[in-house]
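As structure tokens, the structure follows; a few thoughts come after it.
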Amino acid sequence: MQNIKNIRHDFSIKSISKFSNLNVTKSDLFRAIDDLQHFERLTRTFDRSKSCQYFQLQSLVILLLNIMLAMKFLLLSITDSETIRLYAGDIFVSSSETKVLNYFCHIGVIIPCMAKIFILYFNQSERKSFLDIFDEYKESLGGYNKEFTLLSTKENLFRKQYYFLIKSYNYGPFVVVSFFLILHTSMVTINYSYLKLYIMQIIHIAILVVLYYYIIASASWFLFIMVLGALFACNSIDSLTTECNNLNSITNYTWNNAFSFYHKSNLISNWVDYVNMRFAWIFLALYIYLAFHNILIFFYLTQFKFEYVGVQVLLIFSNVLILAALYSCNYLGALVGQKASLLHLAFYHISIDTGNFFNIKVALKKLHFLEQIQARKMGLYIGNYIYIDNNNILLLTLECGSLYLLFCSNINRNNQ
């Protein structure tokens, strides 16, 4: 039974490594991180070195232009004016579902804008950043025989995952924008009405592609950091659990080893708490916004008929994409919680630090950590108070189902 649990806990992390199938050296990852930081500055996403002049101003301009783009789609979703549709370059003007499609385009722009707002605030903050730990990890890659202590037994695995995520992030924005470009140009070509409208549509598509590339780069970076942080937490906690099991051996137990272990446990616990604190409002906002619009799309799909099959396919794709984002984030959060629970249990198995092995300094460090994780479970939170565990995915599904039924009952009642 224990073997089955271990396989289940380690599956998601190891599968990424197997999928990448890369032999990543420290120098490979070091260069990849340099490329990542250059790409962050180039797309005006994040400036870790604080070296780019007017970086925040340029990022703010990108955000404001994309908010205007989102407002344009929102306006097109409520207006019936043909003049506004002409000069706004409405690509869905020939479709009977034009308002609905424009509203979902509004959603597709406003969600990356929410991530951009968080990054702007985060980049402006002068406080210690949770990203500092990744800078320390990068320094360990450049040092000869220098080990990053929080990843003592999982460094090779995390190195592959980090490298794979960087490569995925570098190509992610281009793939997304290319998909939108193909989709929009196909729509205006298929639904061609007259030359003046077609020219306005092409102009607006060109503007959309340029603006959306920068905002989707920020949204991709936000997702990249979320996944990277979760994988780092999982690997660090796994390494600590292995160290904890080794401490039960008389040959491996020393006061210095024990004190170092408890110190690292406190470090990772404090780091996870700090991540929860910094991401609290954006996690809650995205969780509510995505869950609500997931139900809205599903309700529209099941309760209304469509003139074009392509519209239905597009909405199904959007619904699946939102569900995948919600459930993937819930799964990663639950995985961190599972790892933390195993570490918590491993602490109580350390029975060797008594009798002749007892040391007051080590004992106080151990007691401090036990009190810390007893008062507040170690793991990821939504809004800093909703703990993400195995039950959270089920809870999300039930809440979405009840909201869907509420929509159905209220609209049916209004139609009677």
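Its first residue numbered 9, the sequence shown is counted upward by one per residue in our numbering. C-beta atoms are modelled at their ideal positions from N, C-alpha and C, and glycine is treated no differently. All figures in this text were calculated on a predicted structure; none of them were measured in a lab.
Residue i versus residue j: straight-line alpha-carbon distance, rounded
{"i": "isoleucine 233", "j": "leucine 139", "result": "9 angstroms"}
{"i": "cysteine 60", "j": "phenylalanine 54", "result": "10 angstroms"}
{"i": "threonine 161", "j": "isoleucine 213", "result": "49 angstroms"}
{"i": "glutamine 132", "j": "tyrosine 316", "result": "46 angstroms"}
{"i": "alanine 266", "j": "leucine 37", "result": "31 angstroms"}
{"i": "isoleucine 215", "j": "leucine 189", "result": "11 angstroms"}
{"i": "serine 25", "j": "glutamate 379", "result": "With a pLDDT of 44 at serine 25, under the threshold of 50, the modelled position of that residue is not reliable, and no figure is offered here."}
{"i": "glutamate 147", "j": "leucine 406", "result": "45 angstroms"}
{"i": "leucine 323", "j": "leucine 309", "result": "7 angstroms"}
{"i": "tryptophan 229", "j": "asparagine 31", "result": "24 angstroms"}
{"i": "lysine 369", "j": "isoleucine 330", "result": "49 angstroms"}
{"i": "serine 102", "j": "phenylalanine 142", "result": "50 angstroms"}
{"i": "glutamate 48", "j": "leucine 402", "result": "36 angstroms"}
{"i": "glutamate 155", "j": "leucine 236", "result": "19 angstroms"}
{"i": "leucine 326", "j": "phenylalanine 287", "result": "Residue 326 is actually serine in this sequence, not leucine. Each residue's alpha carbon lies about 25 angstroms from the other."}
{"i": "serine 104", "j": "methionine 195", "result": "13 angstroms"}
{"i": "serine 417", "j": "lysine 313", "result": "18 angstroms"}
{"i": "threonine 51", "j": "asparagine 178", "result": "11 angstroms"}
{"i": "aspartate 281", "j": "tyrosine 395", "result": "12 angstroms"}
{"i": "serine 349", "j": "glutamate 163", "result": "21 angstroms"}
{"i": "glycine 97", "j": "glycine 180", "result": "27 angstroms"}
{"i": "isoleucine 290", "j": "isoleucine 118", "result": "13 angstroms"}
{"i": "alanine 40", "j": "tyrosine 145", "result": "13 angstroms"}
{"i": "isoleucine 276", "j": "leucine 72", "result": "37 angstroms"}
{"i": "leucine 372", "j": "arginine 56", "result": "37 angstroms"}
{"i": "cysteine 408", "j": "phenylalanine 130", "result": "31 angstroms"}
{"i": "phenylalanine 415", "j": "isoleucine 211", "result": "38 angstroms"}
{"i": "leucine 404", "j": "tyrosine 412", "result": "12 angstroms"}
{"i": "threonine 91", "j": "isoleucine 419", "result": "32 angstroms"}
{"i": "phenylalanine 100", "j": "phenylalanine 182", "result": "23 angstroms"}
{"i": "tyrosine 62", "j": "valine 328", "result": "39 angstroms"}
{"i": "serine 35", "j": "valine 283", "result": "28 angstroms"}
{"i": "valine 321", "j": "phenylalanine 172", "result": "30 angstroms"}
{"i": "threonine 7", "j": "glutamine 311", "result": "The chain is shown from 9 up to 424; residue 7 falls before or after that span and cannot be answered."}
{"i": "valine 217", "j": "threonine 197", "result": "17 angstroms"}
{"i": "tyrosine 221", "j": "lysine 272", "result": "40 angstroms"}
From the options, residue whose alpha carbon lies closest to that of residue i
{"i": "serine 67", "options": "Phe240, Ile99, Ile324, Ile125", "result": "Ile125"}
{"i": "asparagine 278", "options": "Ala371, Ile381, Thr193", "result": "Ile381"}
{"i": "threonine 33", "options": "Thr262, Thr157, Gln169", "result": "Gln169"}
{"i": "serine 410", "options": "Phe306, Ile118, Val321", "result": "Phe306"}
{"i": "phenylalanine 166", "options": "Pro181, Tyr179, Tyr177, Leu149", "result": "Leu149"}
{"i": "leucine 94", "options": "Val319, Asn164, Tyr206, Thr157", "result": "Tyr206"}
{"i": "methionine 122", "options": "Asn327, Ser57, Ile70, Lys58", "result": "Ile70"}
{"i": "alanine 383", "options": "Leu173, His352, Arg56, Val328", "result": "His352"}
{"i": "glutamate 251", "options": "Asn398, Thr157, Ile92", "result": "Thr157"}
{"i": "aspartate 398", "options": "Leu255, Phe182, Leu343, Glu90", "result": "Inspection of the sequence shows that residue 398 is occupied by asparagine rather than by aspartate. If we check each option's Cα against that of asparagine 398, Leu343 comes out closest."}
{"i": "histidine 425", "options": "Ile99, Leu255, Tyr221, Ser137", "result": "Outside the displayed span of the chain (9 to 424) sits residue 425, for which this structure offers no information."}
{"i": "methionine 285", "options": "Glu90, Ser137, Phe100", "result": "Ser137"}
Short Cβ contact (8 angstroms threshold) for residue i with residue j
{"i": "serine 268", "j": "leucine 159", "result": "no"}
{"i": "asparagine 338", "j": "asparagine 253", "result": "no"}
{"i": "isoleucine 223", "j": "valine 184", "result": "no"}
{"i": "alanine 354", "j": "threonine 262", "result": "no"}
{"i": "serine 226", "j": "proline 120", "result": "yes"}
{"i": "lysine 64", "j": "leucine 128", "result": "Note on residue identity: the sequence assigns glutamine, not lysine, to residue 64. Contact flag set, yes."}
{"i": "serine 245", "j": "lysine 347", "result": "Correcting the residue type first, residue 245 is isoleucine in the shown sequence and not serine. Going by C-beta atoms, isoleucine 245 is nearer than 8 angstroms to lysine 347."}
{"i": "asparagine 74", "j": "leucine 231", "result": "no"}
{"i": "histidine 376", "j": "asparagine 274", "result": "yes"}
{"i": "lysine 107", "j": "tyrosine 270", "result": "no"}
{"i": "leucine 191", "j": "valine 319", "result": "no"}
{"i": "lysine 385", "j": "glycine 345", "result": "yes"}
Report task. Determine contact between the segment 290-306 and the segment 332-340, defined as no fewer than three beta-carbon pairs at a distance below 8 angstroms. Result -> yes
Query raised in the report: With contact counted as at least three CB pairs below 8 angstroms, one residue from each stretch, are the segment 43-60 and the segment 72-91 in contact?
Result: no
Requested in this report: Decide yes or no for the touch test of the segment 375-393 against the segment 289-300: beta carbon pairs closer than 8 angstroms, at least 3 of them.
Outcome: yes
Query raised in the report: Are at least three pairs of beta-carbons, each pair with one atom in the segment 69-85 and one in the segment 112-127, less than 8 angstroms apart?
Result: yes
Query raised in the report: If we count Cβ pairs, one from each stretch, closer than 8 angstroms, do we get three or more for the segment 238-247 versus the segment 195-209?
Result: no
Requested in this report: At 4 residues or longer, and completely inside the segment 143-230: list those alpha helix (DSSP H) runs for me, N to C.
Outcome: 163-198
Requested in this report: Output the residue ranges of the alpha helix (DSSP H) runs that lie fully inside the segment 32-101 and measure 4 residues or longer, sorted by chain position.
Outcome: 34-50, 63-84, 90-95
Report task. Could I get the ranges of all uninterrupted alpha helix (DSSP H) runs contained in the segment 313-377, with 4 residues as the minimum, in chain order? Result -> 317-356
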